[in-house]
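S.K.: First residue of the sequence shown: 144, per this note's numbering; consecutive thereafter. For glycine and all other residues, C-beta sits at the position ideal for the given N, C-alpha and C.
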Amino acid sequence: MAFALCETNIEGVNVVIGSAGQASLAATIGGTYNFTHSTFANYWNNSQRQQPAVLVNNYYSYTDDTGHEIFEPRDLHAANFTNCIFAGNGNIEFVLDKIEGSSFNYNTRNSMIQFNDINKDFENIAELDFSNSNYQNVILNGDPDFRNPQENDFIIGQNSAAIGKALPTLFIQDLLGTDRSVNPDMGAYQHILFE
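See the structure below:
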């Protein structure tokens, strides 16, 4: 049995997606996703979390009448992340999960990614090789210096590795209306001095 599904298309600027019991952003079933100056941070502590802050794939999965899990390919037309922060209380907070049989287009530029594969579970996955050309100016495992991540306060402070590392874009104000036309920071917020 095959299911007809609509494709998802999301254009997000100055987006903050916080803690969730699973993935904060599950960009699944293919589609088109374009995020600029967004912060994806998952510091969920109410139970064991199995998913990263951001999960992107190109398929739809379901269990058929016989109890078998079926994976149907769905084209991932684009998953573009520019000037974003991916962080959380897990070792790996950004996962691209590709199956063969449909397109898988992605690009991450000037973003900070928390990805510490201590168990080497992802070492042979080409889409998670941060030295490939789909990643430009990525900071791996930098400190975002969030003000209070346990309370979903993801404003960055003066010790953040994201300061001044974003590409200039047409989006010259952060989520709070602060100017970022010069030396923009990664994520949805320009940094502040914490009191």
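Within 10 angstroms of its Cβ, does Gly320 collect 16 or more other Cβ (buried), or is it exposed?
M.R.: Exposed, by the Cβ-count rule.
S.K.: Taking only the alpha-carbon atoms, compute the straight-line gap between Asn221 and Gln301 and give it to the nearest angstrom.
M.R.: As written in the sequence, residue 221 is Ala, which differs from the Asn given in the question. Near 33 angstroms, if we compare the C-alpha coordinates of Gln301 and Ala221.
S.K.: Leu198 and Asp260 look like a contact to me (Cβ under 8 angstroms); what is the Cβ gap, rounded to whole Å?
M.R.: So it is not a contact: roughly 15 angstroms between Cβ atoms.
S.K.: Determine, using beta-carbon pairs with one atom in the segment 277-295 and one in the segment 251-265, whether at least three such pairs fall under 8 angstroms.
M.R.: They touch, by the three-pair rule.
S.K.: Just how far apart, CA to CA, sit Met144 and Gly210?
M.R.: Confidence at Met144 is low in this model, with a pLDDT of 45, below 50, so the placement of that residue should be treated as unreliable; the coordinate-derived value is given next. The straight-line gap from Cα to Cα measures roughly 13 angstroms.
S.K.: For the beta strand (DSSP E) holding His220, just list the boundary residues, first then last.
M.R.: Looking at the DSSP string, the run of the beta strand (DSSP E) that includes His220 is 219-225.
S.K.: Determine the direct distance from the alpha carbon of Glu270 to that of Ser245, and round the result to whole angstroms.
M.R.: Those two C-alpha atoms are separated by around 14 angstroms.
S.K.: Relative to the alpha-carbon of Ala170, which residue among Pro195, Asn188, Trp187 has its alpha-carbon at the smallest distance?
M.R.: Cα-wise, what sits closest to Ala170 is Pro195.
S.K.: In three-state DSSP terms, what is Ala269?
M.R.: If DSSP states are grouped into helix, strand and coil, Ala269 belongs with the helices.
S.K.: For the beta strand (DSSP E) that contains Ala230, what are its first and last residues?
M.R.: Ala230 -> beta strand (DSSP E) spans 228-231.
S.K.: For Phe183, which residues of its own chain have a beta-carbon under 6 angstroms away from its beta-carbon, when the five flanking residues on both sides are left out?
M.R.: Correct list, in chain order: Ile160, Ser167, Leu168, Ala196, Val197, Phe229.
S.K.: Tell me whether Glu212 sits in a helix, a strand or coil according to DSSP, three-state version.
M.R.: Note: Glu212 maps to strand in three-state DSSP.
S.K.: Only counting the same chain, and skipping five residues up and downstream in sequence, which positions put a Cβ closer than 7 angstroms to that of Leu318?
M.R.: Only Asn157, Val159, Ala331, Tyr332 meet the Cβ criterion.
S.K.: One question on the structure: do Asn226 and His180 come within less than 8 angstroms of each other, judged by their Cβ atoms?
M.R.: Contact: yes.
S.K.: In whole angstroms, what is the alpha-carbon distance linking Ser339 and His334?
M.R.: The shown model of the chain, from 144 to 338, leaves out residue 339, and the question about it has no answer.
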